[in-house]
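As structure tokens, the structure follows; a few thoughts come after it.
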Amino acid sequence: MTNIYDFNAVKSNGEEVSLSSYKGKSIIIVNTASKCGFTSQFKELQELYEEYKDQGLEILGFPCGQFSNQEFDDLSETMEFCQLNYGVSFPMFQKIDVKGDNAHPLFQFLVSEKKGLLTEGIKWNFTKFLVDPDGHVVKRYAPKSSPKKIEDDLLHYI
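Take the sequence shown: its letters are residues 6 to 163, numbered as in our numbering.
Next up, the structure:
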């Protein structure tokens, strides 16, 4: 059975990493945007990360500009924005597509594993996926769902 450990992604610093490097950890994967009405969710994501990173939580942020072009074109602007405004210290990756013909294979996999309420694909920025320590997608959260709502589910996998 395929899981997220079968995929690679490129971090914001240009380093390609295998997601297998996160084996044994609970993971929240989220497509982000710096100029979105949900951007303030970075605050709660960072709070979750700080609270649970020592217990094995990783949060992987994937900037995306596919929804009303709400992400900076320059990745360095995205990183500076996230760090200065929200203190983001969890891993951020290079800007990707999360839907359509050019969707990153990881997001193709995520949506095939957990369909959305109204759509199979990613509907908007800040769609969140909870992945268990074995690399299986266990839950999907809508863009407007507060990251704090993930906490109860997360505690089952830490």
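Note that the Cβ used here is the ideal one computed from N, Cα and C, for glycine as well.
Residue i to residue j, Cα distance in whole Å?
i	j	result
residue 149	residue 20	31 angstroms
residue 49	residue 119	23 angstroms
residue 163	residue 28	13 angstroms
residue 37	residue 112	13 angstroms
residue 215	residue 15	Only positions 6 to 163 of the chain appear in this structure, which leaves residue 215 out of reach.
Specify, as a first and last residue, the run of the alpha helix (DSSP H) that residue i falls within.
i	result
residue 36	Per DSSP, residue 36 belongs to no alpha helix (DSSP H); it is in the beta strand (DSSP E), 31-37.
residue 116	110-118
Which residue's Cα is closest to the Cα of residue i: the options?
i	options	result
residue 74	161, 138, 100, 155	100
residue 83	41, 135, 161, 139	41
residue 144	71, 12, 32, 17	32
In the DSSP assignment, the beta strand (DSSP E) including residue i goes from what residue to what residue?
i	result
residue 13	13-15
residue 131	Taken as a continuous stretch (DSSP letters only), residue 131 belongs to no beta strand (DSSP E), as it is neither H nor E.
Quickly, what does DSSP pair residue i with across the bridge? List them, please.
i	result
residue 24	Residue 24 pairs with nothing; no bridge assigned.
residue 63	32
Hey, is residue i close to the ligand GTP, as in C-beta under 7 angstroms from one of its heavy atoms?
i	result
residue 36	This structure lacks the ligand GTP; in fact it carries no ligand of any kind.
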